[in-house]
Amino acid sequence: MLKRREIDFQIFEMLEAERLCAQPAFLSQDRETIDAILDSAQRVADETFATHTALTDAEEPQFVDGRVRMRPEVKSALNAFVDGGFMGTSFPERIGGLQLPYIISQVINWIFSDANVGTAGYPFLTMAAANLIQAHGSDEQKQRYMLPLIEGRWFGTMCLSEPQAGSSLADIRTRAEPTGEGDYRISGTKMWISGGEHELSENIVHLVLAKVPGQAAGTRGISLFIVPKYRLDEHGAPGPRNDVSLAGLNHKMGYRGTVNTLLNFGENDDCRGYLIGQLNQGLAAMFHMMNEARIGVGLNAAVLAYSGYQHSLDYARNRPQGRPATQRDPSAPQSMIIEHADVRHMLMRQKVYSEGALALCLYGASLVDRKQLSASDEQAAEIELELSILTPLIKAWSSHYGLKANYWGLQILGGYGYTRDYPLERIYRDNRLNPIHEGTNGIQSLDLLGRKVLQNQGAAFRLLMTRIGETVSACTGHPVLGEYASQLHQAQMRVLEVTTALGKLASGGGIASLLANSWTYLDMLGHLVVAWMWLRQAVVAQVALDQPGGDQAYYDGKRQACAYFYRWELPQVLMQADQLLAMDDSVLTLRDEHF
Numbered sequence: 001m002l003k004r005r006e007i008d009f010q011i012f013e014m015l016e017a018e019r020l021c022a023q024p025a026f027l028s029q030d031r032e033t034i035d036a037i038l039d040s041a042q043r044v045a046d047e048t049f050a051t052h053t054a055l056t057d058a059e060e061p062q063f064v065d066g067r068v069r070m071r072p073e074v075k076s077a078l079n080a081f082v083d084g085g086f087m088g089t090s091f092p093e094r095i096g097g098l099q100l101p102y103i104i105s106q107v108i109n110w111i112f113s114d115a116n117v118g119t120a121g122y123p124f125l126t127m128a129a130a131n132l133i134q135a136h137g138s139d140e141q142k143q144r145y146m147l148p149l150i151e152g153r154w155f156g157t158m159c160l161s162e163p164q165a166g167s168s169l170a171d172i173r174t175r176a177e178p179t180g181e182g183d184y185r186i187s188g189t190k191m192w193i194s195g196g197e198h199e200l201s202e203n204i205v206h207l208v209l210a211k212v213p214g215q216a217a218g219t220r221g222i223s224l225f226i227v228p229k230y231r232l233d234e235h236g237a238p239g240p241r242n243d244v245s246l247a248g249l250n251h252k253m254g255y256r257g258t259v260n261t262l263l264n265f266g267e268n269d270d271c272r273g274y275l276i277g278q279l280n281q282g283l284a285a286m287f288h289m290m291n292e293a294r295i296g297v298g299l300n301a302a303v304l305a306y307s308g309y310q311h312s313l314d315y316a317r318n319r320p321q322g323r324p325a326t327q328r329d330p331s332a333p334q335s336m337i338i339e340h341a342d343v344r345h346m347l348m349r350q351k352v353y354s355e356g357a358l359a360l361c362l363y364g365a366s367l368v369d370r371k372q373l374s375a376s377d378e379q380a381a382e383i384e385l386e387l388s389i390l391t392p393l394i395k396a397w398s399s400h401y402g403l404k405a406n407y408w409g410l411q412i413l414g415g416y417g418y419t420r421d422y423p424l425e426r427i428y429r430d431n432r433l434n435p436i437h438e439g440t441n442g443i444q445s446l447d448l449l450g451r452k453v454l455q456n457q458g459a460a461f462r463l464l465m466t467r468i469g470e471t472v473s474a475c476t477g478h479p480v481l482g483e484y485a486s487q488l489h490q491a492q493m494r495v496l497e498v499t500t501a502l503g504k505l506a507s508g509g510g511i512a513s514l515l516a517n518s519w520t521y522l523d524m525l526g527h528l529v530v531a532w533m534w535l536r537q538a539v540v541a542q543v544a545l546d547q548p549g550g551d552q553a554y555y556d557g558k559r560q561a562c563a564y565f566y567r568w569e570l571p572q573v574l575m576q577a578d579q580l581l582a583m584d585d586s587v588l589t590l591r592d593e594h595f
């Protein structure tokens, strides 16, 4: 349930995406062109994606006679998506893309995910696979595999996890034996593979993590391989099957429209794979796709949170029930439930979580553009540093609090929220998967605190603190925003204090104690960063409010939301700082029998 007003605010007012059109890479674009593309995306999403959302949720893909059977509307929608040119939104025009800024491509993803997150999963995985091959593939691999992905003739997947390994990629068993002919014989099983088998495209390009015998143990010995569903002939056309077989389907509580598979590679010892990038560098290459996917997961979570907010807001404005606490006359007309204070709290929680997460995710997307347009290697490295520490927050904070937003949306609908008469129960189920997708939120917290915050003497963390400090300085003394700048500075100082203490703990060898409470640290830092995002939004809103005319109610709503976040959410940072400084290690001293 999309509001174009929010899109325009986030990308054109907050992030000034129109300025990108003055850059040489995007000279063929302007505001009018971007608006037309977004309008076209909205039309395709409304006409072909949104129309079967409930159908594919109720009739998820089935495993029939070794093949996947699904609703025909999925293929029709994806054909419309490809025909509209949306598969290549961020790719160069010279290879068939639209050459749009990355932030605009993410907004297009927002539009289609809002309409039908299950069907949208297929092209988004494909675009991520194409990006990986573009970054790490040989010229031949780009020609043979990347271009058909961008054209939408083939779809892509990433194959990481295995039944016995889960998220512990060091323990994968899939093998890649050199054949002596320049390729590898792949054997093993991969689990939780979205889009792993279907008949939606001419071919499927699997990107598979595997170990070559004789190489280093653990993650250092992992390489990455292109493994197509169909092998290619000398002209690059799909030929015979490549010994990739469907072993079964996983039926998840949400994202039911995206087929999720268990795949066997090399059951007949005849599955061929092609090394992409360098030997033993597979995980580093795959993280190129995973990090992009993590931004996508965060954005999807924010989009579903925002959609749920809009649905519950509409319900609250139109559902009469009860009367004000001050109204004692039982014959008086009932109030719309939006008049009740408790409902307003629930609506505001949704607003600050969803719009805060949207701002964070799109800010991350803007960093991708800024890195591409960097004037120097040093500038690009600095932007990459900032993006690296924000990525686990984008994924984990957005998916955790996006789901909380949907919780409050369901609550507003009362009993109706838990029925299929309204979309809230489906949206909640869909969003529940995002805290697990592309690395669980616990893993994101280990990555954040164990690596991103402390590595390189805390360079990424210090840069993030500098960015937040710049906004604080710009707002200090402002008659309206100065109060929030003071609160944000206070919270920032507490986070600095905690991080310094944890850094000393790590340098003293207390790694286990450091990581025992890593989720609380991510939650704390995430709240600080989203408070920063809300102050940034309030700055833009205040400038607009100081001008005569305009959309005053919208901008005042942004300012009110900032105030709400600072009154009800930001204090959590101070409480969590106290918890973390206590260095509690009770979860480490517990024994199994204590549970």
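Per full-length UniProt numbering, the sequence shown starts with residue 1, numbered consecutively. A virtual CB, placed ideally from N, CA and C, is assigned to each residue, including glycine. Every value quoted in this text rests on a predicted model; they were computed, and no experiment measured them.
Between the CA atoms of residue j and residue i - distance to the nearest angstrom
i: F225; j: C361; result: 30 Å
i: L481; j: W532; result: 12 Å
i: E267; j: G188; result: 8 Å
i: R43; j: E438; result: 30 Å
i: A36; j: E60; result: 33 Å
i: R31; j: E18; result: 6 Å
i: T89; j: G97; result: 6 Å
i: R294; j: N260; result: 18 Å
i: F12; j: G298; result: 20 Å
i: N441; j: P435; result: 6 Å
i: I427; j: H136; result: 36 Å
i: Y418; j: W408; result: 12 Å
i: L463; j: V495; result: 14 Å
i: N242; j: A506; result: 48 Å
i: T258; j: A325; result: 47 Å
i: R432; j: L413; result: 18 Å
i: S138; j: G277; result: 8 Å
i: G196; j: G66; result: 13 Å
i: L390; j: D39; result: 30 Å
i: L269; j: G236; result: Note that residue 269 is Asp in the sequence shown here, rather than Leu. Approximately 23 Å between the Cα atoms of the pair.
i: I172; j: A165; result: 6 Å
i: Q327; j: H345; result: 20 Å
i: R4; j: G121; result: 22 Å
i: E177; j: W192; result: 24 Å
i: M575; j: H198; result: 49 Å
i: L246; j: D556; result: 53 Å
Short Cβ contact (8 Å threshold) for residue i with residue j
i: M302; j: S398; result: It is Ala, not Met, that sits at residue 302 in the sequence shown. Yes; because the gap between Cβ atoms is below 8 Å, this pair is in contact.
i: T119; j: A77; result: yes
i: D183; j: R69; result: no
i: V498; j: L393; result: no
i: I150; j: A130; result: yes
i: G152; j: V205; result: no
i: R220; j: N280; result: yes
i: S354; j: L449; result: no
i: F91; j: G296; result: no
i: S28; j: N300; result: no
i: I186; j: V212; result: no
i: G308; j: N406; result: yes
i: A210; j: S223; result: yes
i: A305; j: A357; result: yes
i: L535; j: A491; result: no
Residue environment, residue i, which counts as buried when at least 16 other CB atoms sit within 10 Å
i: D369; result: buried
i: W154; result: buried
i: P333; result: exposed
i: K558; result: buried
i: A22; result: exposed
i: D447; result: buried
i: P72; result: exposed
i: P101; result: buried
According to DSSP, residues forming a beta bridge with residue i
i: I193; result: T261
i: residue 648; result: Since the first and last residues shown for the chain are 1 and 595, residue 648 lies out of range.
i: S586; result: According to DSSP, S586 bridges with nothing at all.
i: W154; result: N203
i: P61; result: Bridge partners of P61: none, in fact.
i: V208; result: C159, F225
Beta-carbon separation (whole angstroms), residue i vs residue j, contact threshold 8 Å
i: P238; j: E202; result: 6 Å
i: R319; j: I337; result: 5 Å
i: S513; j: D585; result: 5 Å
i: A544; j: L588; result: About 51 Å; that fails the 8 Å criterion.
i: L403; j: H311; result: Not really, about 15 Å apart at Cβ, beyond 8 Å.
i: T53; j: V74; result: Contact doesn't hold; Cβ gap of about 11 Å is too wide.
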